[in-house]
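5 is the number of the first residue of the sequence shown in full-length UniProt numbering; add one for each residue after it.
What follows is a set of notes on a single structure, which appears directly below.
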Amino acid sequence: PVNQPWSQRFETALNPAIARFNASIGFDIHLIEYDLTGSQAHAQMLAKVGIISAEEGEQLVKGLEQIRQEYRDGYFTPGLEAEDVHFAVERRLTELIGDTGKKLHTARSRNDQVATDVRLYLRDQIQKIQADLRVWQATLVAKAEQHIDTMIPGYTHLQRAQPVCLAHHLLAYFEMAQRDWQRLTEVYSRVNICPLGSGALAGTPFPIDRHYSAALLEFSAPGNNSLDGVSDRDFAVEFLCAASLIMVHLSRLSEEVILWSSQEFSFVSLSDRVSTGSSIMPQKKNPDVPELVRGKTGRVFGHLQAMLTLLKGLPLAYNKDMQEDKEAIFDAVITVRSCLEAMTVLIAEGIEFQPTRLTSAVAEDFSNATDVADYLAAKGVPFREAYNLVGKLVKTCTSEGILLKDLSLERWKSFHPKFEDDIFAAIAPTQVVAVRNSYGGTGFDQVRLQLEAAKKALQS
Ligand code: ARG
């Protein structure tokens, strides 16, 4: 039978199935370095206020450091008997330094300890994801830079709408990533509050200095309310929400890449470095990377939903339900980071836009129809009147199987006397894109400005 720190109060050992069911060591071992750091700060605080002696404080800090080394060297591999990472560390510490190890848990509970660990972990991971986002953004900018002069059909309802500059399209994803980055900064500010010293739920009679331990751990402040300190997982929900939005953005681009690489679109070809084949159809080259990103989006959403559901019925303060927070957070972190990495590789070296195909695509539709209406409106024809007239024009062309550019000047004039021979230039795709120079628009000059702004944002 396993001897737990709490075993004295019990008559019999845990049923082995229940021991397995209850244990979190299988996954919370990932928190170990944060747990050690948190415990070191706690020990220093205990020594500083005189709850333990200075030598005891030092012994604890050193012993914890030794466990860190053992863990890194692969020698510290606690099993089920430990229940969770917190007990595993305390037990090993006592083995290493003797009775002083038993003083570490003075004025502390696993409840404030685990809340602190998760926050320390998330703080680190948020910074890593933000760094990943920066690499992702730089990749989008580099790709956009290669395609300032490339045009691509722009869609609404997945129907051809107006042609756009390809760089503009790519920079739209830069903006999304920029918001994702900012959102994480905001989430970080709420993650960065220290629950350590909340105790089990009610605080502690010991004269602890929560400001001191919070400062040692570089938190911006200790939390204001001990009950809230051990119960709050809002920060985890917010993180999962930010993670979900990152996935939404990656998934939308993934969907586009999948469409673009289909034979029907043929806007891009995917390199052999990022594509896979079929076991039966010899001709196949499949866009597995964007498909997997699109698929993995669902599991991150699932974690967000799980976390919300986990919390909604919980009375204050700590409940064991909350042990379920960890796998959701860990998996979301791993998923988001691996998807950002894969998409970065995909865009950096896996995708080649097909300029010839794109050039003909933007020339062979009615996506210049708005420009015909704009042409007349600029000459004083009320826009709605011009719009209706162009509608008729499109209907006529469609029935004849021709495009607007195929109409002769005489026919243009027969529709409206204000058409002159500059109409041909006005509806050429390059012109249609170039004139949309309103702030944030797709005009080539605007996009150049946007590109410069994006680069500047990356430098700051
Ligand atoms: N393994 C637990 C968790 O992850 C640690 C906190 C346990 N606290 C308790 N009172 N049982 O939530």
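Note that beta-carbon positions come from the ideal geometry of N, C-alpha and C, so glycine has one too.
Is the Cβ-Cβ distance between residue i and residue j less than 8 angstroms?
i           : j           : result
residue 332 : residue 244 : yes
residue 273 : residue 356 : yes
residue 68  : residue 43  : yes
residue 211 : residue 340 : no
residue 133 : residue 191 : no
residue 163 : residue 374 : no
residue 407 : residue 401 : yes
residue 208 : residue 252 : no
residue 38  : residue 103 : no
residue 157 : residue 365 : yes
residue 87  : residue 8   : yes
residue 467 : residue 172 : In the structure as shown, the chain starts at 5 and stops at 464, and residue 467 therefore has no counterpart that could be examined.
residue 203 : residue 112 : yes
residue 217 : residue 201 : yes
residue 260 : residue 298 : no
residue 423 : residue 438 : no
residue 257 : residue 177 : yes
residue 462 : residue 141 : yes
So is residue i buried or exposed if we call it buried at 16+ other beta carbons inside 10 Å?
i           : result
residue 196 : buried
residue 150 : exposed
residue 346 : buried
residue 10  : exposed
residue 307 : buried
residue 107 : buried
residue 440 : buried
residue 284 : exposed
residue 336 : buried
residue 338 : exposed
residue 388 : exposed
residue 77  : exposed
residue 390 : buried
residue 225 : exposed
residue 309 : exposed
residue 30  : exposed
residue 21  : exposed
Can you name, in chain order, every residue of its own chain whose Cβ lies under 8 angstroms from the Cβ of residue i, other than the five neighbours on each side?
i           : result
residue 444 : 450 and 454
residue 194 : 238, 239 and 242
residue 427 : 376, 379, 413 and 416
residue 318 : 235, 325 and 326
residue 398 : 370, 373 and 408
Considering only C-alpha positions, which residue in the set the options is nearest to residue i?
i           : options               : result
residue 304 : 271, 172, 247 and 277 : 247
residue 348 : 146, 73, 8 and 109    : 146
residue 179 : 464, 457 and 463      : 457
residue 74  : 92, 62, 61 and 87     : 92
residue 289 : 31, 354, 95 and 105   : 354
residue 351 : 14, 144, 31 and 118   : 144
residue 436 : 32, 281 and 363       : 363
residue 33  : 81, 26, 338 and 58    : 81
residue 460 : 31, 403 and 138       : 138
residue 267 : 343, 70, 334 and 361  : 361
residue 296 : 184, 182, 344 and 386 : 344
residue 294 : 342, 310 and 215      : 342
residue 464 : 117, 26, 418 and 135  : 135
Between residue i and residue j, which are expected to be in contact by the criterion C-beta below 8 angstroms, what is the C-beta distance as a whole number of angstroms?
i           : j           : result
residue 221 : residue 198 : 6 angstroms
residue 286 : residue 262 : The pair is not a contact, with the Cβ atoms about 21 angstroms apart (cut-off 8 angstroms).
residue 50  : residue 110 : 6 angstroms
residue 329 : residue 312 : Not a contact, Cβ separation roughly 11 angstroms.
Ignore the nearest five residues each way along the sequence and tell me which others in residue i's own chain have a CB closer than 6 angstroms to its CB.
i           : result
residue 264 : 271 and 272
residue 72  : 40
residue 327 : 28
residue 65  : 44 and 47
residue 35  : 89, 121 and 125
residue 170 : 151, 154 and 156
If you drop the 5 nearest sequence neighbours on each side, which residues of the same chain put their C-beta closer than 7 angstroms to that of residue i?
i           : result
residue 358 : 270, 271, 272 and 273
residue 430 : 375 and 379
residue 16  : none
residue 465 : Absent from the structure is residue 465, since the part of the chain shown begins at 5 and ends at 464.
residue 205 : 115, 230, 231, 234, 321 and 322
residue 219 : none
residue 223 : 196, 197 and 198
Does the ligand FAD have even one heavy atom less than 7 angstroms from the beta-carbon of residue i?
i         : result
residue 8 : For the structure depicted, the ligand FAD is absent and the ligand set comprises only the ligand ARG.
Using a Cβ-Cβ distance under 8 angstroms, would residue i count as near chain B?
i           : result
residue 450 : You won't find chain B in this structure, because it holds only one protein chain.
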